[in-house]
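Peer 1: Residue numbering for the sequence shown follows my numbering, starting at 475 and increasing by one per position. Cβ coordinates follow ideal geometry from the N, Cα and C atoms, glycine included. Just so it is clear, the structure is predicted and the values come from calculations on it, not from any experiment. Before anything else, here's the structure in question.
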Amino acid sequence: MSFDREREMFTAKCGDCGNECQVPFKPKDDRPVYCRECFQNHKPAPRPGGRFGGRSGGYGGDRGSRFGRRDDRPREMFDAKCGDCGNDCQIPFKPKDDRPVYCRECFQNHKQS
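Dropping the structure here:
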């Protein structure tokens, strides 16, 4: 893939002000296109905490997907027995009989090795 090629631009009519503008995608008849100035009025509000669910990178404090949750429902947890220490624990996925699962403490030991 060549990165020195100029991006193809398409001429469109702004859905708000009616001015002609250039956009980097082929406009569709069923969706409005906005010029640079009008687009600023239509941008979605930023999500609290930044782009990926409020984390500043990596795995953070709120436990769960690093990309944030799509809803606020409580995560379903499953009972399991740790493959190392044998303690009962809860995990956020259905365990499989052919693979061991680990409690939070033992998982940290496996993650570091």
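In angstroms with no decimal places, state the Cα-to-Cα distance between residue 497 and residue 506.
Peer 2: Here the question's residue 497 lines up with position 23 in the sequence shown. Here the question's residue 506 lines up with position 32 in the sequence shown. Answer to the nearest angstrom: the Cα atoms are 12 Å apart.
Peer 1: Can you name, in chain order, every residue of its own chain whose Cβ lies under 6 Å from the Cβ of residue 556, other than the five neighbours on each side?
Peer 2: One-based indexing of the sequence shown puts residue 556 at position 82. So the qualifying residues of the chain are 563, 576, 577, 580.
Peer 1: So what does DSSP say about residue 570, is it helix, strand or coil?
Peer 2: As a first step, residue 570 is located in the sequence shown; it is residue number 96 there, counting from the start. Reduced to three states, the DSSP call for residue 570 is coil.
Peer 1: Could you tell me the alpha carbon to alpha carbon distance between residue 583 and residue 558, rounded to whole angstroms?
Peer 2: Start at 1 with the first residue of the sequence shown, and residue 583 comes out as number 109. Start at 1 with the first residue of the sequence shown, and residue 558 comes out as number 84. Near 10 Å, if we compare the C-alpha coordinates of residue 558 and residue 583.
Peer 1: Whole angstroms are fine: how far does the CA of residue 491 sit from the CA of residue 513?
Peer 2: Stepping through the sequence shown from its first residue, residue 513 is reached at position 39. Stepping through the sequence shown from its first residue, residue 491 is reached at position 17. For residue 513 and residue 491, the distance between alpha carbons rounds to 11 Å.
Peer 1: Thinking C-beta only, is residue 549 closer than 8 Å to residue 566?
Peer 2: Within the sequence shown, numbered from 1, the residue matching residue 566 stands at position 92. Within the sequence shown, numbered from 1, the residue matching residue 549 stands at position 75. Contact flag set, yes.
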